[in-house]
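First residue of the sequence shown? That's 18 in our numbering, and the numbers climb one at a time after it. Ideal Cβ placement from N, Cα and C applies to all residues, glycine included. Since this is a predicted model, take the numbers as computed values, not measurements. Written below as structure tokens is the structure these notes are about.
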Amino acid sequence: MARFDLQGSPVSPGVGIGRAWIPVEVGLHRIPERKLVSETSEVAIDRLMAAHKRAIEDLQRIQSATTQELGIQDAAIYGAQIAVLQDPDAHRNLERLVHEEKLQPESAVQALLDKFEGLFKNLEGGDRKNWVADLRDPWLAVIRELGSAEEDRVFESDGSGIVLIAEELTPSLVTRHHRHPLAGIICSRGGRFSHGAVLARSFGIPTVTGIEGVHAKAESEETCLVYGDEGRAVLGATSKQEKRALGLAEERRQVQNALAALAIEPGRTEDGAPISIMVNIESPNDLRMFDPGISAGVGLFRTEFAYMERPAFPTVEEQAKIYESVLESFEEKPVVFRTLDIGGDKQLRYFGHPKENNPAMGWRGLRLSLEWQDLFLMQLSALVQARKHGDVRILLPMITTVEELRRSKELLSQVVGKAEPPPMGVMVEVPAAAMALRDIAQEADFVSVGTNDLAQYLFAVDRDNPWVADLYQPYHPAHLRVLRYIARTCNALHKPVSVCGEMAGQLPGALFLAGAGFGTLSIAPPFVAEVKAVLQRVSADSLRQLANRAAACHTSSDALSLLQVEADRLWAEVVESTSESRS
């Protein structure tokens, strides 16, 4: 019998089997001053620099993964953290502390953090906390890497999988699987919609959270099982339990292989109603990770990548070259290019962004483009130039009023002259745009909904703020009703409408959105096959009834439970059918 069979919350699906590893929670306590004893300062500095390099590599992986899954805006913080670690003054200080004052590397980093605290001690309240945290967090990653030798020994001793057990699900915890065979994650805290959770799903790591005190219950290197679909974790599993879990994991792998052929088929319901499944990407490099043939096109191409990776604004020709390469990969399929979405907390290092007290509500997205019209005209020119290589569609982010759409169309007219302009659509992220959608949609060529930001603005909540993260509820009936209203309004006006937020790639979300009336779902490429497989097992009428029942619920938990039960039932049918086809 297992030592513990614990029920938590499902975060990332799949079955994980491995030995428990409980990493040291760095940053909870101040590191005392310790002098070098057995190692020379040269060896200590080498060890510090190696840990420093690994910390930067981890942050770069987090930045890349977050960029692909969530976009440049969410990934910008990691670029800032990398810049903190690359500060040459900090390097000189650390080398001096180790070489001259003979401090151990961990103590040297702590001394550097103490110096940061002192520099900002005169700042008040939140400003001080924010500045110190921005400087502190990346250096804590270096301390963590300095203590990773024992972790590497545990991971590499026999090549088997590892189940990480920790207090909180963080992005850095998730990305450790790049160096080690990470089989699963079990945590006490970490919401289903946090960055860590999104990354776990993106990387396919079975993950369970919400198990209070799990890091205290677990014993290092004991066999653990993670049932990501059920939200269940087993500590100290028996050989019989492990054998059963291995069988379930193999069955899941075979199902995924069987679904690969389905991915290239058009999206549809059981009774043949078409549902277009498109993909979200932001760089031509993304195309190396999947076959463009699995999708009906690109529902969201985040153009910020072309700006963020350069030391200056890209020229029209540089932008056009990027857009053309994507269009050629998708041949005649539509590619929806979202115009430059920077500003607020997503800044270009070569652009003078103003300081704002509330950047999330400030000068960003289309608001910035309409102010800096020369930049906007350059991007529109690049998109118009690229359209000879494919089906270009232009999407305006962060739109609030119909006047913004009109001004954008006027600028596009300047670029195309007497030629026919490419379709221009609006991204509904601001509640005001949703409520005024009838007026806006009448003048737009198409509509796309960004559920991530729409939910955050609707509930006035930052999903990564631990104090209010529980209020970020994309399955709350209020959000579901707004989404259904958007779909119904666009359908009544005969305007194409799609969803490109994370919700569209989740089976409960895909079922609701298809039933609410969205004819197109744009999702991360890894989830295309699963979404298509489930939608093919339910009729359009059943989807409508399900969506209406979910929207009629009174709480987020009730609505999500209703949708999850149906998603689980349909997924079980998919698994059964693939098993029959294999036998």
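Distance from the CA atom of Ile228 to the CA atom of Leu500, rounded to whole angstroms, is 32 Å.
In the DSSP assignment, Gln459 falls within the alpha helix (DSSP H) that extends over 454-460. Sorting Gln80, Ser515, Val551 by C-alpha distance to the C-alpha of Ile540 places Ser515 at the top.
In this structure, the alpha-carbon of Ile457 lies about 36 Å from that of Ala97. Annotation: the segment 460-510 contains the following complete segments of the alpha helix (DSSP H) (minimum length 4 residues), in chain order: 468-476, 494-509. Shown here for Phe307: same chain residues with a beta carbon closer than 6 Å to its own, the five before and five after excluded, namely Pro542 in chain order. Counting other Cβ atoms within 10 Å of its Cβ, Thr286 reaches 16 or more and is therefore classed as buried. 9 Å or more divides the Cβ of Val115 from the Cβ of Ile294. Between the segment 51-68 and the segment 252-266 there are fewer than three inter-stretch CB-CB distances shorter than 8 Å, so the stretches are not counted as touching. Under DSSP, the beta-bridge partners assigned to Val352 are Val315, Val409. Counting every other CB atom within 10 Å of its CB across the protein chains shown gives Val54 a total below 16, marking it as exposed. Ile222 carries a coil assignment under DSSP once its states are collapsed to helix, strand and coil. The count of Cβ pairs closer than 8 Å, one atom from the segment 377-389 and one from the segment 408-417, reaches three, so the stretches are in contact. Looking at Ser58, Ala214, Lys405, the one whose alpha-carbon comes closest to that of Arg113 is Ser58.
A direct Cα-Cα distance of roughly 14 Å separates Val548 from Pro30. Annotated three-state conformation of Thr417 is coil, per DSSP. Contact annotation: Val592 and Arg554 have beta-carbon atoms that are not nearer than 9 Å.
In the three-state scheme derived from DSSP, where H, G and I count as helix and E and B as strand, Phe21 is classed as strand. Cα atoms of Pro525 and Glu118: separation of roughly 58 Å, rounded to the nearest angstrom. Ranked by Cα distance from Thr187, the first of Thr224, Ile179, Leu394, Leu563 is Thr224. Burial state of Asn302 is exposed, judged by a 10 Å Cβ sphere holding fewer than 16 other Cβ atoms. Within the segment 232-281, the complete alpha helix (DSSP H) runs of at least 4 residues fall at 256-276. Taking 9 Å as the cut-off, the Cβ atoms of Ala564 and Leu497 count as close. Taking the CA atoms as reference points, Pro309 sits about 31 Å from Gln473. Thr187 sits in coil when the DSSP states are folded into three classes, being neither helix nor strand. For Ala399, the number of other beta carbons within 10 angstroms of its own is at least 16, and it is reported as buried.
When beta bridges are read from the DSSP output, Val32 appears opposite Tyr244.
Under the three-state reduction of DSSP, Lys512 is assigned to coil, being neither helix nor strand. For Ser342, the uninterrupted alpha helix (DSSP H) run begins and ends at 333-346, by DSSP.
When the beta-carbon positions are compared, Phe347 and Gly314 come within less than 9 Å of each other. Here Leu181 is bridged, per DSSP, to Trp38, Ile202.
In this structure, Val352 sits near Gly407, with a CB-CB distance shorter than 9 Å.
Within its own chain, the residues whose Cβ lies closer than 8 Å to the Cβ of Gln562, once the five positions on either side in sequence are excluded, are Gly532, listed in chain order.
Excluding residues up to 5 positions away in sequence, Gln490, Tyr492, His493 lie with their Cβ nearer than 7 Å to the Cβ of Ser573 in the same chain.
Ile228 has no beta-bridge partner at all, per DSSP.
The C-alpha of Ile311 lies about 35 Å from the C-alpha of Ala449.
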